[in-house]
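To start, the structure itself, in structure tokens.
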DNA sequence: CCTACCGATCGGTAGG
DNA sequence: CCTACCGATCGGTAGG
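Chains as they are written, first to last, in this note's numbering: chain Y, 5 to 217; chain U, 5 to 217.
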């Protein structure tokens with residue numbers, strides 16, 4: 005692995021864990037095993053390093069995208085599972101990606117708007133259009149907001165992975181829970197699935213004996 | 005407003021916008037119009053100030069809670085709307101609350117686990133139990149994970165409000181969109197509503213003519 | 001609640 | 001890719 009790649013990896017981990025501003029060049033250099041000015045030799049300044057880390061994540065996701073649109077599944081549910089699976093895998097295999105993306109969305113909104121516009125929105129619109137075709141065909145909830153639906157799904161996957169370390173012990177009942185995050189993500193996907201494909205039925209009310217409060 | 009309250013308010017804004025570590029005592033003091041050591045006179049050190057800001061948010065939310073359980077609505081949908089409405093209002097009226105909570109979940113997971121255990125989990129369990137009663141009565145999706153569902157909903161509301169500034173322009177079509185966040189939150193609530201109360205129906209497939217990819 | 005000050009750490013530069 | 005160094009800023013203290 006090249007020095008540049010080692011620096012990018014260490015920077016991703018440090019910036020995801022503490023935030024890009026709080027991650028010092030010194031601590032990144034220590035993780036790589038070089039001196040601080042050597043980082044600036046490769047990336048000019050800290051701002052350039054941060055941008056390189058963020059665009060690297062976006063570029064890697066865009067490598068995954070072709071798999072989504074060339075999937076063998078041609079029905080709506082198959083395509084949904086395909087998208088959901090790639091999305092969860094991409095951020096689960098490297099939770100630092102989720103943490104850093106969420107931090108940057110909060111820390112540098114103007115810059116992230118530009119990145120989202122360039123790297124993310126095009127394929128979100130493609131998926132939203134497919135959802136909308138399903139809506140018009142009557143196989144998807146009629147009152148769905150396709151583009152908002154896709155963003156909310158992505159936000160939920162990334163957000164739950166990003167705060168996983170606060171949740172790991174929080175929801176478990178017994179002595180150990182192998183993976184609370186997986187449990188949360190399963191519920192995210194179930195929620196999305198049902199709200200996509202369930203045609204509205206008459207909702208009902210809880211049994212009357214819980215009106216004790 | 006007391007000096008202490010003024011400091012808490014300024015600290016919430018600064019810490020939400022930049023993160024608790026990146027928010028300097030100097031900038032907080034400037035916003036209040038006092039000198040830096042005066043903050044330490046009131047709060048001892050920065051760590052104590054940060055804890056006070058976080059617990060203040062949790063305490064204020066716990067003031068809202070009674071309204072949830074004393075609501076006049078006795079049916080399941082009415083109770084859901086009541087919870088959703090309070091949740092959205094609480095964080096929408098002060099987005100800094102959502103931003104800071106999300107940041108702290110990422111920055112200090114061990115400490116936040118303790119806070120969640122003490123302040124949040126009790127009422128989440130109460131709501132989850134009510135969802136579970138609906139599930140057993142057959143009026144709520146049978147494969148729902150009640151406690152995970154509630155957390156995912158909260159995470160989604162907070163998460164979408166926290167990154168709102170990155171989204172405001174991102175999803176709009178025309179020249180202006182009065183409130184993209186409201187659009188996202190509406191979709192969050194629709195999703196949650198459907199996944200709670202829609203009894204599984206046979207899903208279908210999109211119309212065949214989108215198999216062109 | 002202030003002035004004056006402290007050591008530590010930050011991003012970055014000079015020069016090789 | 002390194003050593004040596006810079007001004008700026010950080011949280012915090014002394015003393016009033």
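Backbone N, C-alpha and C fix where the C-beta goes; we use that ideal spot for every residue, glycine too.
Query: Going by DSSP in three states, residue 101(U) sits in which element: helix, strand or coil?; Result: helix
Query: If you measure beta-carbon to beta-carbon, which residues of the region 8 to 36 of chain U are closer than 9 Å to chain Y?; Result: 20, 21, 22, 23, 25, 26
Query: What's the call for residue 198(U), buried or exposed, on a 16-neighbour Cβ count within 10 Å?; Result: buried
Query: Using 10 angstroms around the beta-carbon of residue 135(Y), count the other beta-carbons present and answer buried if the total reaches 16, otherwise exposed.; Result: buried
Query: Out of 188(U), 167(U), 152(U), 122(U), point me to the one whose CA is closest to residue 193(Y)'s CA.; Result: 152(U)
Query: Does the contact criterion of 3 or more C-beta pairs under 8 Å hold for the region 40 to 50 of chain U versus the region 102 to 114 of chain U?; Result: no
Query: Can you grab the Cα-Cα spacing for the pair residue 10(U) / residue 162(Y), in whole Å?; Result: 34 Å
Query: Please check if any C-beta of chain Y sits within less than 8 Å of the C-beta of residue 64(U).; Result: no
Query: Within 8 Å (strictly less), CB to CB, does residue 109(Y) reach chain U?; Result: yes
Query: Relative to the alpha-carbon of residue 168(Y), which residue among 57(Y), 98(Y), 35(Y), 66(Y) has its alpha-carbon at the smallest distance?; Result: 98(Y)
Query: Where does residue 89(Y) fall in DSSP's three states?; Result: helix
Query: Specify the secondary structure class of residue 10(U) as computed by DSSP and reduced to three states.; Result: helix
Query: Take the Cβ of residue 200(Y) as the centre, count every other Cβ of all protein chains shown within 10 Å, and call the residue buried at 16 or more, exposed below.; Result: buried
Query: Look at the alpha carbon of residue 180(U) and the alpha carbon of residue 6(Y), and state the distance between them as a whole number of angstroms.; Result: Only weak support is given to the placement of residue 180(U): the predicted model assigns it a pLDDT of 46, under 50, and the value that follows is read from those uncertain coordinates. Straight-line Cα distance between these residues: approximately 46 Å.
Query: If you draw a straight line from the C-alpha of residue 186(U) to the C-alpha of residue 195(Y), how long is it?; Result: 20 Å
Query: Any C-beta of chain Y sitting closer than 8 Å to the C-beta of residue 152(U)?; Result: yes
Query: Does the beta carbon of residue 48(U) sit closer than 8 Å to a beta carbon anywhere in chain Y?; Result: no
Query: Which residues in the same chain have their Cβ closer than 6 Å to the Cβ of residue 31(Y), if we skip the five residues on either side of it in sequence?; Result: 18
Query: Using only the alpha-carbon positions, how far apart do residue 95(Y) and residue 71(Y) sit?; Result: 16 Å
Query: Buried or exposed: which applies to residue 68(U), given that a residue is buried once 16 or more other Cβ atoms fall within 10 Å of its Cβ?; Result: exposed
Query: Can you list, in chain order, the residues of its chain with a C-beta nearer than 7 Å to that of residue 132(Y)? Leave out the 5 residues immediately preceding and following it.; Result: 150, 151, 154
Query: Under 8 Å between C-beta atoms, does residue 167(U) make it to chain Y?; Result: yes
Query: Pop quiz: residue 107(U) and residue 23(U) are said to be a contact at Cβ under 8 Å. What is the actual Cβ separation, rounded to whole angstroms?; Result: 5 Å
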